[in-house]
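Residue numbers 1 to 159, in the UniProt record's numbering, belong to the letters of the sequence shown in order.
Here a beta-carbon is modelled for each residue, glycine too, at the ideal position from N, C-alpha and C.
Small disclaimer: the values here were computed from a predicted structure and weren't measured.
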Amino acid sequence: MTAKKYDSSEYLNITGITRDQSGDYECSALNDIAFPDTKTVRVTVNFAPSIHEMKSHGVGLGRTALLRCEAAAVPVPIFEWYKGEKRIIKGQGIDIKNLSSRSVLTVNNMTEDRYGNYTCVATNKIGSANASVPLIRKYLPPVLTSAPLRCLHMHKEGT
Numbered sequence: 001m002t003a004k005k006y007d008s009s010e011y012l013n014i015t016g017i018t019r020d021q022s023g024d025y026e027c028s029a030l031n032d033i034a035f036p037d038t039k040t041v042r043v044t045v046n047f048a049p050s051i052h053e054m055k056s057h058g059v060g061l062g063r064t065a066l067l068r069c070e071a072a073a074v075p076v077p078i079f080e081w082y083k084g085e086k087r088i089i090k091g092q093g094i095d096i097k098n099l100s101s102r103s104v105l106t107v108n109n110m111t112e113d114r115y116g117n118y119t120c121v122a123t124n125k126i127g128s129a130n131a132s133v134p135l136i137r138k139y140l141p142p143v144l145t146s147a148p149l150r151c152l153h154m155h156k157e158g159t
């Protein structure tokens, strides 16, 4: 960072700025006549999305799958989901909730054709990033649908 004089004022020149240097900067002007005048300026560094690691999930037939995609970006990204090459839209048991830095894809009532590779794409005006994760079938143990049998032990006294 360097401070330079330009015409009759000074300015702060930050070259090669990184997103870690975002924040509030303070400028103070002082002379022998008045009290110092201080102003604060907020510096925002825009950067392309980067997606945090997504994990593979297994889910059983008829169950609900949740896939989460988190991205760091300024400005906040817009999210899209794909299964293979096809863009996913809400409806028919699929819901997409986008928050500022996260998107959650919910697939209700899993069927065979819904298993496969899912891709999250995060985009802002600086760039985009994507990450893929397989949604695989998890075989669940059988569910007991009737009451268990009771065993009675009988024995005869004196034998």
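In its own chain, which residues sit with a C-beta less than 6 Å from the C-beta of residue i, not counting the 5 before and 5 after it?
| i | result |
| --- | --- |
| Ala-131 | Ile-51, Met-54 and Cys-120 |
| Arg-137 | Tyr-115 |
| Ala-73 | Pro-49 and Asn-124 |
| Gly-93 | Asn-108 and Asn-109 |
Please report the straight-line C-alpha distance between residue i and residue j, rounded to a whole angstrom.
| i | j | result |
| --- | --- | --- |
| Met-110 | Thr-123 | 28 Å |
| Thr-38 | Pro-75 | 28 Å |
| Val-59 | Leu-135 | 7 Å |
| Leu-67 | Leu-12 | 44 Å |
| Gly-62 | Glu-112 | 9 Å |
| Ile-126 | Ile-89 | 24 Å |
| Gly-91 | Glu-85 | 18 Å |
| Cys-27 | Ile-14 | 14 Å |
| Phe-35 | Ala-29 | 9 Å |
| Gly-16 | Val-41 | 19 Å |
| Ser-56 | Lys-156 | 59 Å |
| Tyr-25 | Tyr-82 | 41 Å |
| Pro-141 | Ser-128 | 41 Å |
Counting only the same chain and skipping the five closest in sequence on each side, list residues whose C-beta sits under 8 Å from that of residue i.
| i | result |
| --- | --- |
| Thr-64 | Thr-106, Val-107, Asn-108, Asn-109 and Met-110 |
| Lys-97 | Ser-103, Val-104 and Thr-106 |
| Ser-100 | Val-76 |
List the whole-angstrom C-beta distance separating residue i from residue j, where the pair is believed to meet the contact cut-off of C-beta under 8 Å.
| i | j | result |
| --- | --- | --- |
| Cys-69 | Arg-102 | 7 Å |
| Val-133 | Tyr-118 | 6 Å |
Please classify residue i: is it buried, with 16 or more other beta-carbons within 10 angstroms of its beta-carbon, or exposed?
| i | result |
| --- | --- |
| Glu-80 | buried |
| Pro-49 | buried |
| Pro-77 | buried |
Excluding sequence positions up to five away, which residues of its chain have a Cβ less than 7 Å from the Cβ of residue i?
| i | result |
| --- | --- |
| Ser-22 | Val-43, Thr-44 and Val-45 |
| Phe-47 | Arg-19, Ala-73, Val-74 and Ile-126 |
| Asp-95 | Thr-106 |
Can you find a heavy atom of the ligand SAM that lies under 7 Å from the Cβ of residue i?
| i | result |
| --- | --- |
| Ser-101 | Absent from the structure shown: the ligand SAM. Ligands present: none. |
Against chain B, does residue i count as a neighbour if the rule is that its beta carbon must be under 8 Å from one of theirs?
| i | result |
| --- | --- |
| Ala-34 | In the displayed structure, chain B is absent; only one protein chain is listed. |
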